[in-house]
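Residue numbers (the numbering used here): 4 to 442.
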């Protein structure tokens, strides 16, 4: 698409589009404007309108009369070689001869075509804009053709072939391959419209491809899937996709939210055929059920985000990719089984410690009770008389093994003890103890 003053030559490519600017005197801003092509029978009208400051369409032709700048613009889409010729920018004067400014249009044969692309709200799209060799070293531009200005929201490539970013849009010029890529994130319905892929020549924009983008809302599938798993674990996700993508190859790509692109090595091009990539990824597309299944083995913390997508007429220098479902992964540092095992071990250790502590305390209590027994004991006689016996005890300290002592029998009572009835003898006992160390 070329722009500039009147009486000029402009060049376009078959399948592409072109924009022509026609200047006029401010006195004629209220007059009708028209655009016609010279022929043997006169000037054949292509489009004519009296509307101001808005686009008016007539087939492949559109006209916008900008009264502020005193110029009107004519856009021609889907150019063919037959469109080559002389055109006239005209101002209709009611009481006088119309004013015309000639424009020479030359349309070159090329493989470029205007095309329609479809994407989905909340997703992403990657569009390839192919160009001819003569634009190889020129700066490339992607812009939206709007109602009040012919090309706005313009994105331009960097001269060193790096990615250029502007909000949700990113653009990259692959000069050696003969195309530049446009990446749009977080698509919404308002992104629907007509876009132009062009090159900047001598400060003027020439469009060689016109893209009509249609962004639709589809509630038949999940736009985002979140999963949590541990490092080294395996993941399987099922991405349901829209009907319009059923026959297209599917792919899984890795990328983060802030990334402008998403890389992948292969795609699954047939229904119900498993494709394995590097032993880590497995892809399976069931077109009948419209479910794309992806498996990822031995995930790492770098596996934070993936996208399920489809290729539309994707070739080395043509086509576009649709990204329809985002996979968000939260990868933890330790396997869940390890955490559970450690917890069980700690619990068993705690229970064992409690049991051991209780047993030791009980043993200490019994030992203390035994030590508090008095040095005398009573024995009942046959006549219901209670006889006080002298009982001598000796507490034995801890030893490696049990220690036994001899029981000594006395034939006579000693000191002031009561006499023994029925020849009963007095016993002298020695206690036998085994104790543990008590804290």
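Beta carbons are placed, not taken as given, at the ideal position from N, Cα and C, and that holds for glycine. All of these numbers come straight from a predicted model, not from anything done at the bench.
Can you find a heavy atom of the ligand FMN that lies under 6 Å from the Cβ of residue 133? This structure does not include the ligand FMN; it has no bound ligands of any sort.
Assess contact between the region 73–83 and the region 25–34, defined as three or more Cβ pairs (one per stretch) separated by less than 8 Å. Is contact present? Using a C-beta cut-off of 8 Å, the region 73–83 makes contact with the region 25–34, since at least three inter-stretch Cβ pairs fall below that distance.
Helix, strand or coil for residue 121? Go by DSSP, reduced to three states. Taking the first residue of the chain shown as position 1, residue 121 is located at position 118. Three-state result, residue 121: strand.
Three or more C-beta pairs under 8 Å: does that hold for the region 269–282 against the region 225–235? no
In whole angstroms, what is the alpha-carbon distance linking residue 268 and residue 287? Locating residue 268 in the chain shown gives position 265, where the first residue counts as 1. Locating residue 287 in the chain shown gives position 284, where the first residue counts as 1. Distance between the alpha carbons of residue 268 and residue 287 is about 15 Å.
Return helix, strand or coil for residue 215, following the three-state DSSP convention. Position 212 of the chain shown, counting from 1, holds the residue named residue 215. Strand.
Are the beta-carbon atoms of residue 294 and residue 238 separated by less than 7 Å? Numbered from its first residue, the chain shown carries residue 294 at position 291. Numbered from its first residue, the chain shown carries residue 238 at position 235. No, they are not a contact pair.
Along the chain, where does the beta strand (DSSP E) that runs through residue 166 open and close? Along the chain shown, one-based indexing puts residue 166 at 163. Taken as a continuous stretch (DSSP letters only), residue 166 belongs to no beta strand (DSSP E), as it is neither H nor E.
Would you call residue 13 buried or exposed, if buried means 16 or more other Cβ atoms sit within 10 Å of its Cβ? The residue you call residue 13 lines up with position 10 of the chain shown. By the neighbour-count rule (16 or more Cβ atoms within 10 Å), residue 13 is buried.
Once the 5 residues before and after residue 322 are set aside, which same chain residues still bring their CB inside 8 Å of it? Locating residue 322 in the chain shown gives position 319, where the first residue counts as 1. Correct list, in chain order: 131, 314, 315 and 316.
Helix, strand or coil, according to DSSP, for residue 3 in the structure here? Lying outside 4 to 442, the shown extent of the chain, residue 3 is not represented and no answer is given.
In three-state DSSP terms, what is residue 19? Working through the chain shown from its first residue, we reach residue 19 at position 16. Residue state, collapsed to three classes: coil.
Reference residue 256, options 66, 248 and 270, closest by Cα: In the chain shown, counting from the first residue as 1, residue 256 sits at position 253. Residue 270 is the option with its Cα nearest to residue 256.
Return the bridge partner residues of residue 175 from the DSSP annotation. One-based indexing of the chain shown puts residue 175 at position 172. Answer is 184, bridged to residue 175.
How many Å lie between residue 134 and residue 97 at the Cα? For this step, residue 134 is matched to residue 131 along the chain shown. For this step, residue 97 is matched to residue 94 along the chain shown. Going from the Cα of residue 134 to the Cα of residue 97 covers about 44 Å.
Need the endpoints of the beta strand (DSSP E) that residue 332 sits in, please. As a first step, residue 332 must be located in the chain shown, where it is residue number 329. First-last of the beta strand (DSSP E) with residue 332: 323–335.
Any idea if residue 352 is buried or exposed, counting beta-carbon neighbours within 10 angstroms, 16 or more meaning buried? Working through the chain shown from its first residue, we reach residue 352 at position 349. It is exposed - the Cβ of residue 352 has fewer than 16 other Cβ atoms within 10 Å.
Report the partner residues of residue 106 according to the DSSP bridge assignment. On the chain shown, position 103 is the one that residue 106 refers to. Paired residues: 11 and 90.
Go ahead and label residue 143 buried or exposed: buried means 16 or more other beta carbons lie within 10 angstroms of its beta carbon, across all protein chains shown. In the chain shown, counting from the first residue as 1, residue 143 sits at position 140. Flag for residue 143 reads buried.
Would you kindly check if the distance between the Cβ of residue 297 and the Cβ of residue 240 is under 7 Å? Locating residue 240 in the chain shown gives position 237, counting from the first residue. Locating residue 297 in the chain shown gives position 294, counting from the first residue. Result yes, Cβ atoms of residue 240 and residue 297 sit closer than 7 Å.
Go to residue 308, then tell me how far its beta strand (DSSP E) extends in each direction, as first and last residue. For the purposes of this step, residue 308 is taken as the residue at position 305 of the chain shown. Run containing residue 308: 308–315, per the beta strand (DSSP E) assignment.
Between 109, 39, 63 and 185, which lies nearest to residue 84 when the distance is taken from Cα to Cα? Here the question's residue 84 lines up with position 81 in the chain shown. Closest option to residue 84, Cα to Cα, is 109.
I need the DSSP call for residue 421, collapsed to helix, strand or coil. By 1-based counting over the chain shown, the position of residue 421 is 418. Low per-residue confidence applies at residue 421: pLDDT is 45, beneath 50, and the placement is therefore not dependable, though the value from the model is reported in the following sentence. If DSSP states are grouped into helix, strand and coil, residue 421 belongs with coil.
Per DSSP, which one or two residues make a beta bridge with residue 196? Stepping through the chain shown from its first residue, residue 196 is reached at position 193. Paired residues: 216.
Consult DSSP for residue 157 and reduce its assignment to one of helix, strand or coil. Residue 157 sits at position 154 when you count from the first residue of the chain shown. Reduced to three states, the DSSP call for residue 157 is strand.
When the Cα of residue 326 is compared with those of 335, 333 and 309, which residue comes out closest? Locating residue 326 in the chain shown gives position 323, counting from the first residue. Checked all of 335, 333 and 309; the closest Cα to residue 326 is 309.
Just the Cα atoms here: how many angstroms apart are residue 60 and residue 66? The count along the chain shown starts at 1 and reaches residue 60 at position 57. The count along the chain shown starts at 1 and reaches residue 66 at position 63. Distance between the alpha carbons of residue 60 and residue 66 is about 7 Å.
Between the C-alpha atoms of residue 118 and residue 102, what's the straight-line distance to the nearest angstrom? Your numbering for residue 118 matches position 115 in the chain shown. Your numbering for residue 102 matches position 99 in the chain shown. For residue 118 and residue 102, the distance between alpha carbons rounds to 36 Å.
Applying the criterion that 16 or more other CB atoms from any shown protein chain within 10 Å of the CB defines a buried residue, is residue 122 buried or exposed? By 1-based counting over the chain shown, the position of residue 122 is 119. Note on residue 122: 16 or more other CB atoms within 10 angstroms of its CB, so buried under the neighbour-count rule.
For residue 346, name the three-state secondary structure that DSSP assigns. Counted from its first residue, the chain shown places residue 346 at position 343. In the structure shown, residue 346 falls within a helical segment according to DSSP collapsed to helix, strand and coil.
Verify whether the separation of the beta carbon atoms of residue 335 and residue 311 is less than 7 Å. Indexing the chain shown from 1 puts residue 335 at position 332. Indexing the chain shown from 1 puts residue 311 at position 308. At least 7 Å separates the beta-carbon of residue 335 from that of residue 311.
Does the Cβ-Cβ distance between residue 129 and residue 290 come in under 7 Å? Translated into positions along the chain shown, residue 129 becomes position 126. Translated into positions along the chain shown, residue 290 becomes position 287. Not in contact: residue 129 and residue 290 (Cβ atoms no closer than 7 Å).
Where do the N-terminal and C-terminal ends of the beta strand (DSSP E) with residue 147 fall, by residue? As a first step, residue 147 is located in the chain shown; it is residue number 144 there, counting from the start. Judged by DSSP secondary structure, residue 147 falls within the beta strand (DSSP E) whose first and last residues are 143–148.
Cβ shell of residue 50 (< 6 Å), same chain only, five flanking positions each side left out: The count along the chain shown starts at 1 and reaches residue 50 at position 47. The beta carbon of residue 50 is closer than 6 Å to those of 38, 61, 64 and 66 in its chain, skipping five residues each way along the sequence.
With DSSP run on the structure shown, which of helix, strand or coil describes residue 74? Numbered from 1 along the chain shown, position 71 holds the residue referred to as residue 74. In this structure, residue 74 counts as strand in the three-state DSSP scheme.
What first and last residue would you give for the beta strand (DSSP E) that runs through residue 129? Taking the first residue of the chain shown as position 1, residue 129 is located at position 126. Start and end: 127–133.
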